[in-house]
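Sequential numbering of the sequence shown, starting at -13, is according to our numbering.
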Amino acid sequence: MKKKTSRILTLTLFFLICVGIGALFGLYVAKHMKEMGAIGILLLIACVFLSFILAIQLHEIGHFLFGKLSGYRLLMLKFGPLCYKYENGKYKFTFEKAVGYAGLCMMVPPEGELRDSRHILYYAGGVTTNILTGAIAILLACLFPAWHPLLTMALWIFGLVSIILGATNLWPRIEQNNPTDGKIIFSILRKEELAKDMTFLNRVMQQMVVGMRPGDIALLNQPLEEENDPNQFFIYRIIYHLFNALDRGDLEKVTHCCRLMEKHIDTIPSAVDIPMKMEFLCVYCLLGETDKAQAFYDQVKQRLEKENDMSGHRIKAYVAYYLHEDKEEAAACCEKALSVADSFPMKGQTIMEKELVNSLLAAIYQSR
């Protein structure tokens, strides 16, 4: 009910904003029709769409810049289908389908004490950048009114769009299973469950980055209990507990994680929907549940083919061995995974990945 109400409020607000901008746009165009001409009006319409795109990309750049100030390390920066990510020891550009989001910034928290101020600074980066750039654009339009009406209106459009985008991201709510920046910031300030889960995950990631394998992380050795009202970060807890179980060879816990994931699959944030489903594809292969594995494979096949880091090759190897029964292809994928192992950003996860790959290689050689 809360999600439905939030969705209705979001759509209503968006509609009112569009009506407001449209009214201002119409009044301005009517006043300067002769100066701008038909081409100028078409350019202004194009400016509205370009302003949304630019504001979204500036939002993600803001997260990146403020994240760097907070000591975070970049893993991925996406502008629509264009992706700049860390893979196999270096940053590279790729094209990936964007589902449910127009921009994305993924960073790893710094080593040392996890202060709330660092997280707030990182999550406030996008909103702050939007409001600042929007305010500068409107200020320029006001300071230099003698500029060409087309340029003045373009500055006003971008300024309003950017400020509105920042304000809507500051509004605490859940949108497409993704908590807004404001939702996370206020959760941290209020010490809510969402912030506690986020802190838990940051601590786990921090330990894995410095080289602690999932099976040795004390936080993950505790039982994974289902929350009464699981938030969007709960699915992340499941995936890291799954890594812990795989690393320790605890198939009972692996199965438990899979069942929880099935129950809460609708809470997976859109930005990580495919990567998480890839992991469960691999696990269902391991458990011998080929029907479920095939169902996940059909959903992630296109994206999986483009994954060339250690984790991607490991999942391809499991698919080749368990689903396609192609031992030669599985062995080749294992070798590729091991060849790029030292470039994997999560050093602790690398240890687990190597053991999973070597175990599969041993099974392949024994069955020949």
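Glycine included, C-beta positions come from ideal geometry on N, C-alpha and C.
| Asked | Found |
| --- | --- |
| Determine the extent of the alpha helix (DSSP H) in which Phe220 is found, giving its start and end residues. | Phe220 to Arg234 |
| Please identify the residue among Gly66, Pro67 and Lys76 whose C-alpha is closest to the C-alpha of Leu60. | Lys76 |
| Would DSSP call Val94 helix, strand or coil? | strand |
| Under three-state DSSP, which class holds Gly12? | helix |
| Excluding the 5 residues flanking Cys33 on each side, which residues of the same chain have their C-beta closer than 8 Å to its C-beta? | Met139, Ala140, Ile143 and Phe144 |
| From which residue to which residue does the beta strand (DSSP E) around Arg59 run? | Arg59 to Phe65 |
| When the Cα of Gln280 is compared with those of Tyr58, Arg300, Gly298 and Tyr304, which residue comes out closest? | Tyr304 |
| For the ligand ATP, any of its heavy atoms closer than 7 Å to the Cβ of Pro131? | With respect to the ligand ATP, the structure offers nothing, as it holds no ligand at all. |
| Which two residues bound the contiguous beta strand (DSSP E) that contains Thr80? | Lys76 to Phe81 |
| Cutting at 7 Å between CB atoms, please list the residues of its own chain near Ala88, excluding the five before and the five after it. | Ile42 and Gly66 |
| Assign Met(-13) to buried or exposed, taking buried as 16 or more other Cβ atoms, counted over all protein chains shown, within 10 Å of its Cβ. | Low local confidence applies: a pLDDT of 48 at Met(-13) is under 50, so the model's placement there is unreliable, with the coordinate-based value given in what follows. Met(-13) comes out exposed. |
| At least one CB of chain D closer than 8 Å to the CB of Leu267: is that the case? | The chain labelled as chain D is not found in the depicted structure, where only one protein chain is given. |
| In the DSSP assignment, what residue or residues form a beta bridge with Leu237? | DSSP lists no partner for Leu237. |
| Helix, strand or coil, according to DSSP, for Gln352 in the structure here? | helix |
| If contacts are defined as beta-carbon pairs under 8 Å, then Leu70 and Phe79 qualify, I think. What distance do you get, rounded to the angstrom? | The residue asked about is misnamed: residue 70 is Tyr in this sequence, not Leu. 6 Å between Cβ atoms; contact. |
| Figure out for me which residue from Asp252, Leu246 and Leu187 has the closest Cα to the Cα of Glu212. | Leu246 |
| Which of helix, strand or coil does DSSP assign to Asn164? | strand |
| Determine the DSSP secondary structure at Cys243, reduced to helix, strand or coil. | helix |
| In the DSSP assignment, the alpha helix (DSSP H) including Lys313 goes from what residue to what residue? | Lys313 to Ser325 |
| Tell me the DSSP secondary structure of Gly112 in three-state form. | helix |
| Within its chain, find whatever has a CB closer than 6 Å to the CB of His49; leave out the 5 residues flanking it on each side and keep chain order. | Cys91, Gly111 and Gly112 |
| Are Arg289 and Leu342 touching if we call contact CB-CB under 8 Å? | no |
| How about Gly120 and Leu146: do their beta carbons lie closer than 8 Å? | yes |
| Got a sec, what are the start and stop residues for the beta strand (DSSP E) Tyr72 sits in? | Leu68 to Glu73 |
| Does the Cβ of Thr154 have 16 or more other Cβ atoms within 10 Å, making it buried, or fewer, making it exposed? | buried |
| Kindly indicate which residue of Asp312, Ala327, Gln335 and Ser37 has the alpha-carbon position closest to the one of Tyr351. | Asp312 |
| Closest to Phe81 by C-alpha separation, out of Tyr308, Pro165, Glu291 and Pro331, would be which residue? | Glu291 |
| With a threshold of 6 Å on Cβ separation, who are the neighbours of Leu44 within its own chain once the five nearest residues in sequence on each side are excluded? | Thr115 and Thr119 |
| Looking at C-beta atoms only, is the number of pairs between the segment 220 to 235 and the segment 184 to 204 that lie closer than 8 Å three or more? | yes |
| If Ile47 and His105 are in contact, beta carbons under 8 Å, what's the gap, nearest whole angstrom? | About 19 Å; that fails the 8 Å criterion. |
| Is the beta carbon of Lys355 less than 8 Å from the beta carbon of Val240? | Here the chain covers residues -13 to 354 and nothing more, so residue 355 does not appear. |
| Is DSSP giving Gly298 helix, strand or coil here? | helix |
| Alpha carbon to alpha carbon, how far is Leu151 from Leu324? | 43 Å |
| Near Lys322, what residues of its chain come up, given a Cβ to Cβ distance below 6 Å and the 5 sequence neighbours on each side ignored? | His299 |
| Ala316: which of Leu68, Leu346 and Lys169 sits nearest, CA to CA? | Leu346 |
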